[in-house]
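Residue numbers (the UniProt record's numbering), protein chains in the order written: chain A, 1 to 395; chain B, 1 to 395.
Below, the structure written as structure tokens:
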């Protein structure tokens, strides 16, 4: 292939660590706490079947034809209406999953070397989506309430190095499961407005709260100050790839042009099918059933951790929603190195180091409690604790 | 919005000319020859209905779940098998329409300022898809058989300015409708191999031939020398957004990583639905019906042009397949300026200037013969000729 000169950025595109790990964990019998796969029990297959038939019967030609890059109007209206601040459908751009939202925002906001602030740790897929633009990614220190405003101020930079964008996942963050509280949200939004840095608020899990609804989104507090990403992946089905961006009207046209260049539009059929499923309050009935199920599984994981990790120097988060929980293992454990031993014992996780922009904490790992059943969770957490004890004993 | 600093590339993202024109042409009663919309009569709605039901019944959970970025294995196998050269399914990457293929190839192949060779004129959507990477786009002279090898050699450049990639649409090109003949294909492929420039072969219309099958693809002649883009948009339905890239094995991993970062994967449900529709030779029965229909419409347009433009100094292409035909109007006509007068007479087209990397020929226009019926085509071409005559008479 000596005739091919690739773009410089291609050398920074590396296989996803999670992806490579998931390949290892495809052995039969393993209980994977690694992936972020919603439980297929939550997929409303019958509702999709009726919707597919109805859409093809009543609107077959349009659902199979090229369509506007903005997205299907009734779906944009539904989204604008259900968001808890004043949003016009003109501000809603339908994307091919909210992952595409990250790609489009990177394209219009980031030059090579532009400073991008992220939480510590942060969502790996966002780091990958932004990497083609080769930004300077700077992690901001975070505690259990989210990003720390004082460190944000230290990292924001000045002049040409002033941060272009800050990426935040306030609800049940991937990977840590933590949630920004109301006070912290307000402090961060106000500080960003003073500093003049727009935010990108990513909220794929917001509806999956188990105890009480989280505080209002950042974007609701300053709609002109940032961009908001939402998704149907966690409340309906990820395999349809349906997400959206909400943008200030002055920014929207650039995102729209990036969208059009990227894939013309999100599949018309999928947009209509989802609009058909949700139109009569379906989500108000459906989402509580998902919450109830995942809450039990979260509780099962917390109980299993209490039981099986007793006596070990281990900390974990207690997420009030979402899909993930974050663990810090005892001194002497490197979760990358320990993974093969865990897979031997039929349990898989994602090592935490993949989620850091720099200076990873090698003792951390991410566990998902949504894919495995309560019983499987207990078995897997016991296997994980056994792995940790065996690893420590060998030292 | 004074807090927002956008990426430099955002200033080069402009609304699609075609898109803006199509908005103007949405007035009732207009016959649009502008868009590249396949006739909805060709959409196999019943087949999709059965397939949707079957997929949701037999494979509901998987069809709605996250999936591998490479695409659905049976679909990749089908594609590899039906291509007329030796392709492994491992070389096939499913994309969200072939437009996404352009975005991904741009990401891995083009740096800012990289030289990109294109035909004169070329597909506007490709120019848009590559524009985020800010390449130096250089048009190569072309005649009725396609790109001229001698001019290709003149434009290829040396050293850091040597072309990274050449973008070619050999079959029934968008916008001109022209087809590279066998001799020209062989000459261009050999010249590119000597020059050491990889090609990107875009073939969305290849199955839509009306007289005889076109010559073998460029990629079939040198599979290690380029990338190939294909699509289901023109033979099944564009609204499902299903395309694919075929890449040499050494290049594939970079495209895969770009795909994963862009939208994780193409919708699982759509891939399974299409795989279900096509699995038993459906396309062998279905595509000939599309060919027969579009051939009649092409013939109608050619006949209408002969009739209504008689006596005017007008040239047009005689496409042997695809969806478009290219016209050069008489001296004194600027097709951008004439468009409002044409819309007044209830006919719309796309001015040709949008399709040039530089130095547009303002006398040109693109007409589509696939969306309008034979009768509508006759009415529209008469209206267009009337517009031209009226415009010339005013001068």
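We put the CB at the ideal spot given by N, CA and C, even for glycine.
Taking the beta strand (DSSP E) that residue 95 of chain B falls in, what are its first and last residues?
92–95
Three-state secondary structure assigned by DSSP to residue 125 of chain B:
helix
I want to verify the contact list: residues of chain B whose CB lies under 9 Å from the CB of residue 324 of chain A, in sequence order.
Within 9 Å Cβ-Cβ: nothing; residue 324 of chain A doesn't reach chain B, min ~15 Å.
What residue ranges within the stretch 162–191 of chain A form continuous alpha helix (DSSP H) runs of no fewer than 4 residues, ordered along the chain?
none
Distance between residue 323 of chain A and residue 32 of chain A (C-alpha atoms, nearest Å):
13 Å
Please determine if the stretch 157–170 of chain A and the stretch 63–81 of chain A are in contact, where contact requires at least 3 C-beta pairs separated by less than 8 Å.
no
Below-8 Å beta-carbon distance, residue 37 of chain B vs any chain A residue
yes
Please specify which runs of the alpha helix (DSSP H), each continuous and at least 4 residues long, are wholly inside the stretch 195–252 of chain A, giving them in chain order.
218–221
Segments of 4+ residues assigned as alpha helix (DSSP H) that fall wholly inside the stretch 47–100 of chain B:
73–82
For residue 167 of chain A, the nearest candidate out of A/183, A/147, A/182 (CA to CA)
A/147
In whole angstroms, what is the alpha-carbon distance linking residue 274 of chain A and residue 247 of chain A?
22 Å
Thinking C-alpha only, which one of B/243, B/237, B/235 is nearest residue 229 of chain B?
B/243
In the DSSP assignment, find the unbroken beta strand (DSSP E) run with residue 328 of chain A in it and report its ends.
324–328
Using only the heavy atoms of the ligand COA, determine whether one of them is closer than 7 Å to the beta carbon of residue 198 of chain A.
Ligands displayed in this structure: none; no statement on the ligand COA is therefore possible.
Using DSSP bridges, identify the partner residues of residue 315 of chain B.
B/328
Inter-residue spacing [alpha-carbon to alpha-carbon] between residue 217 of chain B and residue 201 of chain B
8 Å
Per-residue burial, residue 11 of chain A [other beta carbons within 10 Å of its own, 16 or more giving buried]
exposed
How many Å lie between residue 196 of chain A and residue 226 of chain B at the Cα?
45 Å
Start-to-end residues for the beta strand (DSSP E) that takes in residue 13 of chain A:
Residue 13 of chain A -> no beta strand (DSSP E), and no H or E assigned at all.
Residue 187 of chain A beta carbon less than 8 Å from that of residue 149 of chain A
yes
Alpha carbon to alpha carbon, how far is residue 383 of chain B from residue 400 of chain B? Give it in angstroms, no decimals.
Nothing about residue 400 of chain B can be read from this structure; chain B reaches only from 1 to 395.
Between A/343, A/58, A/85, A/109, which has its C-alpha nearest residue 387 of chain A's C-alpha?
A/343
How would you write the range of the alpha helix (DSSP H) that residue 131 of chain B sits in, first residue to last?
Premise fails: residue 131 of chain B is in no alpha helix (DSSP H) and is neither H nor E.
Looking at the C-beta of residue 333 of chain B, does it have a partner C-beta in chain A at a distance below 8 Å?
no
Would residue 293 of chain A count as contacting chain B if we go by Cβ distances under 8 Å?
no
Buried or exposed: which applies to residue 398 of chain B, given that a residue is buried once 16 or more other Cβ atoms fall within 10 Å of its Cβ?
Outside the displayed span of chain B (1 to 395) sits residue 398 of chain B, for which this structure offers no information.
Using a Cβ-Cβ cutoff of less than 7 Å, which residues in the same chain neighbour residue 317 of chain A once the five nearest sequence positions on both sides are dropped?
176, 177, 178, 325, 326
Between the stretch 250–257 of chain A and the stretch 104–115 of chain A, are three or more C-beta pairs nearer than 8 Å?
yes
Pop quiz: residue 209 of chain A and residue 320 of chain A are said to be a contact at Cβ under 8 Å. What is the actual Cβ separation, rounded to whole angstroms?
6 Å
Taking the beta carbon of residue 284 of chain B as the centre, do at least 16 other beta carbons fall within 10 Å, making it buried, or is it exposed?
exposed
Return yes when the Cβ of residue 241 of chain B is within less than 8 Å of the Cβ of residue 96 of chain B, no when it is not.
yes
In the structure shown, what three-state DSSP assignment does residue 353 of chain A receive?
helix
Is the CB of residue 340 of chain A under 8 Å away from at least one CB in chain B?
no
What residues of chain A sit near residue 43 of chain B, judged by a beta carbon separation below 8 Å?
60, 61, 64, 65
So if I threshold CB-CB distances at 9 Å, which residues from the stretch 251–263 of chain B count as touching chain A?
251, 253, 254, 256, 257, 258, 260, 261, 262, 263
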